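Residue numbers (this note's numbering): 423 to 621. Ideal Cβ positions, reconstructed from N, Cα and C, are used throughout, including at glycine. Please read all numbers here as calculations on a predicted model, not as lab measurements.
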């Protein structure tokens, strides 16, 4: 198992990082935030790694923190989520932000990432909710992860639909209440929404 590489950076261009170690020039693929945090060539760097071996290629993916590598591992544990897509997600979300989105089941927040369709986002939320707790533990206490407005919105919308409303009506009412009370929790929002919805 290739755990990390220590060596001299010889090339640092968008989407292409080459580090020389033991006389070998190793191409390492990294998420954008990690790539930008690297020193400039010819400085030395230590990069945590995951080696992905396929029939047609061997690829090294690099990270600067254990939390970033853990996020990569849990993302690629989901079917049809390959290492390139995992890097795309980590280029948009820090590990802590990813943990927050997964724990809060924030479909809108995940779907907003370019290249992530709604079906893939739903699959990630379903399969990774429990694993996200471990990731969150590496990046900060769970009580520091507040409920997100998008999660509250979806929960209220679903509750109103279950009570007989249409999705369009439910979204309109829930959005109206949340706009007036952006920091309100589910209980407060549903209480006000029911007054407007007249259920």
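Proximity of residue i and residue j at Cβ, strictly below 9 angstroms
i, j, result
"residue 595", "residue 606", "no"
"residue 545", "residue 503", "yes"
"residue 451", "residue 506", "yes"
"residue 561", "residue 518", "yes"
"residue 582", "residue 529", "no"
"residue 559", "residue 520", "no"
"residue 453", "residue 427", "no"
"residue 469", "residue 486", "yes"
Residue i - partner residues in DSSP beta bridges
i, result
"residue 471", "484"
"residue 428", "468"
"residue 446", "443"
"residue 435", "438"
"residue 451", "483"
Sequence-distant residues of the same chain with beta carbon closer than 7 angstroms to residue i, five excluded per side
i, result
"residue 447", "432 and 440"
"residue 508", "494, 497 and 498"
"residue 565", "A caution first: residue 565 carries a pLDDT of 46, below 50, which makes its placement in the model too unreliable to give a value."
"residue 568", "Caution applies to residue 568, whose pLDDT of 48 falls short of 50 and renders its modelled position unreliable; the model cannot decide the point."
"residue 612", "578 and 581"
"residue 457", "439"
"residue 543", "529, 532 and 533"
Residues of its chain near residue i, where Cβ-Cβ distance is below 6 angstroms and the 5 sequence neighbours each way are ignored
i, result
"residue 424", "471 and 473"
"residue 550", "496 and 524"
"residue 438", "none"
Rounded distance between the beta-carbons of residue j and residue i, thought under 8 angstroms
i, j, result
"residue 593", "residue 574", "That pair is no contact at about 13 angstroms."
"residue 610", "residue 603", "7 angstroms"
"residue 460", "residue 434", "6 angstroms"
Cut-off 8 angstroms between Cβ atoms - residues of its own chain near residue i, not counting five sequence neighbours on either side
i, result
"residue 455", "512, 513 and 516"
"residue 489", "517, 518, 557, 560 and 561"
The stretch 507-521 in contact with the stretch 533-544 per 3-pair CB rule at 8 angstroms:
yes
Whether or not the stretch 456-476 and the stretch 521-532 are in contact is what I'm after, with contact meaning three or more pairs of Cβ atoms, one per stretch, closer than 8 angstroms; do they touch?
no
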